[in-house]
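Remarks on the structure that follows.
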Amino acid sequence: MSKVTVLNHSLLTHKLTLLRDKNTSVKDFRDLVYEIGKLIAYEATRELPLDEALVETPICETKGGLLKKQPVLVPILRAGLGMVEPFLEIIPAAKVGHIGLERDHDTHLPKEYYCKLPTDIAEREVIVLDPMLATGGSASAAIEFIKKRGAKNIRFACTIAAPEGVEVLKKDHPDVDVFVGVLDECLNENAYIVPGLGDAGDRLFGTL
């Protein structure tokens, strides 16, 4: 089964409180998404696989470790773009793919409209990024599309999640570990996370 990690950190709580505030400006919202993203990035990359390596310090030779391969970051368009920069801050050599989804008017199911991934994605760890995990439908579909491109080792990282969305990912993708900044109460009748923060994409890009 997938492992679900919910961060518990005073700085994260502080920044999330500011992020939720409906009066937070677009600029401050972006800055907070960046700052929170770095905290999540440290946790989501904690167990990336390493190759043993020898290094010579000024004192002696010792064993260390180097990443087997740089991971691939895949933001779900468009809100996921807000999490790319903080992850690149700590893993600057990571590759970046993109996936875009839209709802099919006939089936009402998520449909891929854009997907660009590294050709060697099957050999790399993949971290899918999206600030919000609400129903889990889009995240699950994105992961499925990425798997069809050959990815085998996938993690999902988000800022705020609803329990319903977490359960969908656990059911649909038991091989994918999930990293969550905070687990909120539930979804409302409009499938918004409660208490949540509204639409992350609109607040990031000022399209309210």
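Under the numbering used here, the first residue of the sequence shown carries the number 3, and numbering increases by one thereafter.
Virtual Cβ for every residue (Gly too), placed ideally from N, Cα, C.
With a threshold of 16 other beta carbon atoms within 10 Å, R205 meets it and is buried. About 6 Å separates the beta carbon of G183 from that of I38, a gap short enough to meet the 8 Å contact definition. Pairing P73 with R126 gives a Cβ-Cβ distance under 8 Å. Across the set C160, I145 and C62, the C-alpha of C160 shows the shortest separation from the C-alpha of G84. Here E91 has K40 as same chain residues with Cβ atoms under 7 Å from its own Cβ, once five neighbours each way along the sequence are excluded. In this structure L185 is not in contact with V196, their Cβ atoms being roughly 12 Å apart against a cut-off of 8 Å.
V168 and V180 have their alpha carbons spaced roughly 8 Å apart. For V86, there is no enclosing beta strand (DSSP E); the enclosing alpha helix (DSSP H) has its first and last residue at V86 to I92. In the displayed model, V28 falls within a helix according to three-state DSSP.
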